[in-house]
Structure formats: structure tokens, C-alpha cells
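Its first residue numbered 0, the sequence shown is counted upward by one per residue in numbering that gives the first Met the number 0. Ideal Cβ placement from N, Cα and C applies to all residues, glycine included. I have placed the structure first, in the form of C-alpha cells, so that the comments after it can refer back to it.
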Amino acid sequence: MSEAPRILIVEDDPKWQTILQEILEDLGYQVSLAGTYEQARQALDDSPPFSLVILDLELDEDSPILEGQRLLNHIRHHGENTRCIIVSGRGTIQVVRVAFKEFQIVDFIEKDRFDIPSFEKVVTATLARSGREARREETVGQLSRLCAELRALDDVLSETRRQYERGLLDVGRYTQLQKDYRMQYYTLVDRLQALITDPILEGLDGILEQAQGGGEPLEVLKATLRERAAQRGWGSRIREQIDQHQGEIASLVATIALELLRSVE
């Protein structure tokens with residue numbers, strides 16, 4: 000079972016601390032409190048990344064707006080997937096408009112117009128979106144590593160064939176090496192197939208089956224991918240990867256999957 004998202008509330012009014020904390024804990028989230036911007040920075044520095052920060056830009060400090068903006072900058076460097084919702088007074092609206100452009104502000108909620116169902120909806124939607132983005136980044140990382148491994152095996156297989164064709168390997172040794180490398184390759188393909196079941200990569204589902212009928216498999220796959228790219232409006236970089244790729248089928252699929260994750264929402 001995955002751990003509940005962690006939320007930091009930055010608020011110095013005990014009444015609002017209680018209101019926000021009770022709402023969020025009732026939704027099942029882990030909640031931490033900070034009554035000053037310094038406490039908030041300390042919490043951000045000393046803890047694993049928070050999924051969300053609920054921030055009041057009007058704390059009772061000497062320069063609350065300036066310190067609040069500094070904290071927003073701190074949040075931005077805390078974690079790529081940490082989002083922020085501002086719950087503050089009307090006097091900070093102009094500041095918030097600027098903050099939306101520079102920081103990962105999801106929403107601004109005026110305290111005078113605070114509505115529990117609307118707040119819950121914003122928080123739930125934000126954390127769901129943040130979770131998808133985190134999973135996407137994880138998948139990109141896995142695919143990047145997989146692409147590198149597949150390309151390395153492509154190179155090894157090609158070099159083995161060249162040595163055999165030049166008479167540098169006898170048939171027995173060549174056959175054994177091909178068998179060994181193919182076993183490694185199939186292991187990587189299994190990992191690839193597990194990754195491309197993700198909904199983000201829907202465009203690749205079934206392509207390997209479509210490439211089974213006749214012709215050189217890699218060229219058939221390229222043609223299928225080019226057709227799919229045109230139908231779905233995939234970018235020119237993806238089409239370039241299709242046309243330029245010279246390796247194995249699985250390596251091509253991994254490469255295109257990675258480009259899709261990076262460029263297609």
C-alpha cells in the first residue's frame with residue numbers, strides 16, 4: 000500500500016491551522032504545520048519532499064509578502080513535483096498574479112470566500128495530477144536506462160555479426176554468443192513490454208503485433224510507426240527517430256516510447 004501524500008500547511012492563525020489540518024487529515028493525508036516562514040523552510044529542508052504546500056502569504060511578520068515569495072522560491076527547489084495552493088487574504092491578489100507566472104502555484108483561495116468542498120476538490124485534483132507527473136518521470140527514467148541498454152546490445156550483436164562475416168569467429172562460437180546476447184535482449188524486451196502498458200504510451204499498444212506480417216520486421220515496424228505518427232500528430236522529432244533508427248525492433252520501440260513520454264501529453 001502506497002504512503003499517503005504529505006502536505007505542509009504554512010499558517011500562523013491557530014483557527015485556520017485547525018480548519019485546514021482537520022479537512023486534510025479527514026481526506027487521509029499526512030499533515031505538517033509551520034507557523035512561520037522559517038519553520039516552513041526548516042520543514043522543507045529536513046523532510047522528504049512534500050506533495051503539496053498550503054501557504055498563507057500574510058503571516059504576521061515584518062515583510063510577509065517578501066518572505067512569502069522567498070518561501071515560494073524555496074518550495075520550487077524543494078521537489079520537482081511539490082505544488083502550492085495559496086490560501087490568503089484579498090490583499091495578496093496582485094502578488095499571487097505575479098507568483099502564478101514564476102512558481103508552481105495551483106490555485107489561490109481567498110479566506111473570505113473559503114468553501115470546504117471546493118478546497119477539497121482542488122487538493123484532490125492537484126495531488127492526483129502530481130502523482131501522474133511523478134509516475135511519468137519515473138517511467139522516463141526507466142525508459143532512458145532501457146534505451147541505453149538496448150542500444151548497447153544492438154552494437155554488440157552487430158559487431159558479433161561483423162566478426163563472424165570476416166571469419167574472426169567460428170560458427171560454434173558465433174552461435175553461442177548470439178544465443179547469450181539474445182537471452183539478455185529478451186529480458187530487456189520483457190521490461191520494455193511492462194513499461195509500454197502504461198496509458199501514457201497508448202500509441203504503441205499492439206504495434207509489435209502489427210509488424211509481424213511479412214517483410215523485414217524492423218522496416219515493417221517503421222512503416223507502422225510512421226503511419227501511427229501521422230494519424231496521431233506526433234512531432235517531427237519522433238518521426239526522425241523512426242527514420243534514423245538502424246537497430247533492433249525493441250530498441251526502436253523503447254526510443255519512440257521515450258520520445259512520446261517527453262513530448263506528448
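One thing to note: V122 has its Cβ within 8 Å of the Cβ of L23. Counting only the Cα atoms, L217 lies some 60 Å from R112.
Note on geometry: alpha-carbon atoms of L194 and E148 lie some 15 Å from one another. Between the C-alpha atoms of Q20 and Q141 there is a straight-line separation of about 36 Å. Taking 8 Å as the cut-off, the Cβ atoms of Q240 and T254 count as close. A Cβ-Cβ separation of about 6 Å places F49 in contact with I6 under the 8 Å criterion. Rounded to the nearest angstrom, the Cβ distance from D55 to S87 is 5 Å, consistent with a contact under 8 Å. In the DSSP assignment, A147 falls outside any beta strand (DSSP E) and within the unbroken alpha helix (DSSP H) covering 115-164.
Looking at the backbone, the Cα of Q16 and that of I53 are separated by about 10 Å. Under DSSP, R5 forms a beta bridge with Q29. Sequence-distant partners of G34 (beyond 5 residues in either direction) whose C-beta falls short of 6 Å from its own C-beta, in its chain, are D11.
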